Structure formats: structure tokens, C-alpha cells
Amino acid sequence: MSPGRLFVTGGTGYIGGVLVELAVADGYKVHALSRNEEGDAKLRALGAEPVRGDLTSLDVLREESKEADGVVNLATAYVFGQGKYEDALPIDNAAVDAMCDGLVGTNKPLITTSGTLSAQADPNGNETNEESPPEPSPLNVRIQAENHARAQAKERGIRIMVVRMAPFTYGRGGSGIARFMGMAKGMGGIPTVNGGGNRTTAVHVDDAVRLLLLALEKGEAGDLFNAASQTEVTMGALLNAINSAAGVPTSDITYDEAFAKFGENIAWFLKAENRASGAKAQKKLGWQPKGTPLLQDIESGSYATKK
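In my numbering, the protein residues as written are 310 to 616.
What follows is the structure, given as C-alpha cells:
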């Protein structure tokens, strides 16, 4: 789509704020969901028009989607590390259904998001792609939301796409990296699990947002893209950089110890092997990630001022 009216959920969040900023700079007229006056102020400062509501405001979602030329759904009812995603799934699916209601018969794009952890790690340590088997862990409930969203392409003719975000979408001194730095300071270091040799996937937030904007323009119904640019960083190297930035040492614990200390979700996250290729987005959309590499950004970039 050419720049027109864009409706965004999650626009007051980390990725959403960057999306609003860059979309406005590209000429989009952005309307974004906001739950309170604080969110309204943030969105207006970025050049967007706030729309009061949340993912349960189904009539609002329908109407805003109907009026928009494109929709990007970045919101989820799930809060990382709190509760189970199963509890958020019905809310997330109903919200997507409502957005689809407003888009039926239009061919206007709807992008929703998932995570690259939805794919099972390659048994030989190679990169995975969008066609790789799903992660079989019972914790991988989010793929149900992904499948539900993509099914709307066939069932309702919606030009819906899913972008899988890297577990470490970083940059501008924010995101999970900043939260981990705060945790490291507070608890004397975040430990690696079983040696920390497992590799993870990362992407700079500006690059991830550029992929979203390209998908709005060029993506097709049912498309799935990995927002991923780095797959060689080990959790050991990453957590050592985070702990060093926080001025604390790095220790190592077993998975059972991590489970007892952090709970199942975070323990699994810390030990997961995830190497998701972004080649499909580069080839089909012309995506060219350019952001500062993850470890460099922690050691001497946007996170260095937070030490």
C-alpha cells in the first residue's frame, strides 16, 4: 500500500512506538489504540491520532480497521513472564477476528505478529525458516494465534500476513535487553542455562519496523516472514554482555535450577536454541537490515548509557 491511513495496535509499546514514528515519517496518517491519557500523550508526540480502547474493544477494532488503508496488530493480552499465554489466546484471536471484520472484501493488508521461537530448532544446528516444523513444547501456544490469523486468508479472503519477531528485538536502549539489564543489577546477574551455548536470534527494532512497512506494501495473503538478522550470538555471550554492562558477574545453572528460580516460561526462554533466517523477507520484500549488531549495541551503543 502507498502511505495512507494506518491503524496500529500496540503503538504505545516498544516496537509500536518505533513503527508509529517511522510510519509518520513515511507519510502515513496513523491512528493507534491507546488505553489511557499517558498513551494518548505518547502517541500525539509521535504524530499519531490516539484511539481509546484495548484488545477487548471489538467494535473499535472493527471500525478503525474498516476506515484504515492498512492495519498492523502488535498488541497481545499476554505479559511476558506473567501467567500463561493460553489465557490470552482467546482475547488475541477475537481481536484479530474483529480487525478482519473491517477488512473483508477490500484486499487491504493486515499484519499481525508472532515470534521466531515458534519454530523448532534444527537438529543439526542450522538456521530455520518459515517452513520449518513448529516447536513442540507445550509452551508454544502462540503458534495457535499465528495459525488462526493466517487461516483468515483462505477462510475470509483477508490479505493477512504474520511477521515473527526475534526473541531479541533490540535497539534505542529499550526492549527486553533493558529489562534484562535491570534484572541483572537487581539480582546480581542473570545466569546462563546449561553452559549458555545455545544460539539466539536478534534484530534491530528499526529493521524490524522497516520489514513491517515493506510487508504492508508488498506482502501477500497468508505470507509469513521472520524479522531476523543475526543468528550466531550465543546466550552465553549475550548474558555476559548484559551482566558486564550491569557490573555483575555471569554464573551458570542447570535447567532445573532455572525452572525453580524463574518459572517455566523464562527458564525455557533462556535455554532455547533459535536461529531463524530472515532470507525470505530479504528476497521477497527487498528488506535490508542495517542496525548496529546486538553485542556492539550493548557494549558501546544505545545501551552503554544505561550502565
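Think of the CB as a built atom: it goes at the ideal place given N, C-alpha and C, for glycine as much as any other residue.
These numbers were taken from a predicted model, which means no experiment stands behind them.
Exposed or buried, what is Asn382 when buried is set at 16 or more other beta-carbons lying within 10 Å of its beta-carbon? With 16 or more Cβ atoms within 10 Å of its Cβ, Asn382 is classed as buried.
Buried or exposed: where does Ser560 fall if 16 or more other Cβ atoms within 10 Å of its Cβ makes it buried? In the assembly as shown, Ser560 is an exposed residue. Its beta-carbon has fewer than 16 other beta-carbons within 10 Å.
Give me the Cα-Cα distance between Met408 and His513, rounded to the nearest whole angstrom. Taking the straight line joining both Cα atoms gives about 28 angstroms.
Gly414 versus Met496 - alpha carbon distance: Between Gly414 and Met496, the C-alpha separation is close to 53 angstroms.
Ala377 to Phe316 span [Cα, whole Å]: Looking at the backbone, the Cα of Ala377 and that of Phe316 are separated by about 6 angstroms.
Whose C-beta lies closer than 7 angstroms to the C-beta of Glu582 among residues of the same chain, with five residues either side of it excluded? Once the five neighbours on either side are set aside, the close Cβ partners of Glu582 are Ala430, Asn507, Arg508.
Label Glu395 either buried or exposed according to how many other C-beta atoms from any shown protein chain fall within 10 Å of its C-beta, with 16 as the threshold for buried. Burial call: exposed.
Going by the beta-carbon positions, is the gap between Thr478 and Thr510 smaller than 7 angstroms? No; because the gap between Cβ atoms is not below 7 angstroms, this pair is not in contact.
With 16 other CB atoms within 10 Å as the buried threshold, where does Gln605 fall? Gln605 comes out exposed.
Val471 and Thr421 - do their beta-carbons sit closer together than 7 angstroms? In this structure, Thr421 lies near Val471, with their beta-carbon atoms less than 7 angstroms apart.
Near Asn402, what residues of its chain come up, given a Cβ to Cβ distance below 7 angstroms and the 5 sequence neighbours on each side ignored? Apart from sequence neighbours up to five positions away, the residues of its chain that approach Asn402 with a beta-carbon distance below 7 angstroms are Ala454, His457, ordered along the chain.
Count the other C-beta atoms from every protein chain shown that fall within 10 angstroms of the C-beta of Gln597, then say buried if there are 16 or more, exposed otherwise. Counting Cβ neighbours within 10 Å, Gln597 comes out exposed, since fewer than 16 surround it.
One or two residues paired with Gln539 in a DSSP bridge: Looking at the DSSP assignment, Gln539 forms a beta bridge with Ala511.
Threshold first: 3 residues or longer. Then list the beta strand (DSSP E) segments lying entirely within the stretch 454-528, N to C. Within the stretch 454-528, the beta strand (DSSP E) runs of at least 3 residues that lie entirely inside it are, in chain order, 468-474, 477-479, 511-513.
Going by DSSP, which residues form a beta bridge with Pro399? According to DSSP, which records beta bridges pairwise, Pro399 is partnered with nothing at all.
Tell me the residue span of the beta strand (DSSP E) that contains Phe316. 314-318 is the span of the beta strand (DSSP E), which, as asked, contains Phe316.
Within 10 Å of its beta-carbon, does Tyr323 have 16 or more other beta-carbons around it, so buried, or fewer, so exposed? Buried.
In the DSSP assignment, what residue or residues form a beta bridge with Val360? Answer is Leu342, bridged to Val360.
If you draw a straight line from the C-alpha of Ser446 to the C-alpha of Val542, how long is it? Between Ser446 and Val542, the alpha-carbon positions lie close to 23 angstroms from each other.
List in chain order: all unbroken alpha helix (DSSP H) runs of 4+ residues lying wholly within the stretch 541-614. For the stretch 541-614, the continuous alpha helix (DSSP H) assignments of 4+ residues that do not extend past its boundaries occur at 544-555, 564-571, 573-580, 588-594, 603-609, in sequence order.
What residue does the beta strand (DSSP E) around Ser366 start on, and which one ends it? Premise fails: Ser366 is in no beta strand (DSSP E) and is neither H nor E.
For the stretch 474-492 against the stretch 323-333, do three or more pairs of beta-carbon atoms, one drawn from each stretch, fall closer than 8 angstroms, so that the two count as touching? The stretch 474-492 makes contact with the stretch 323-333, as at least three CB pairs between them are under 8 angstroms.
Can you grab the Cα-Cα spacing for the pair Asp335 / Arg371, in whole Å? Roughly 25 angstroms between the two C-alpha positions.
Could you check the C-alpha separation between Leu603 and Met544 for me, to the nearest Å? Cα to Cα, the separation comes out at about 12 angstroms.
Using the C-alpha atoms, what's the distance from Gln591 back to Gly528? Inter-residue distance for Gly528 and Gln591 is about 12 angstroms (C-alpha atoms, whole angstroms).
Who are the near neighbours of Tyr337 in its chain, counting only those whose CB is closer than 6 angstroms to its CB and skipping five residues on each side? Answer for Tyr337: Pro312, Leu315, listed in chain order.
Does Leu419 come out as helix, strand or coil in the three-state DSSP assignment? Strand.
Pull up the DSSP beta-bridge partners for Val381, would you. In the DSSP assignment, Val381 is bridged to Val317, Ile420.
Measure the CB-CB distance between Pro500 and Leu426 and report whether it falls below 7 angstroms. Contact: no.
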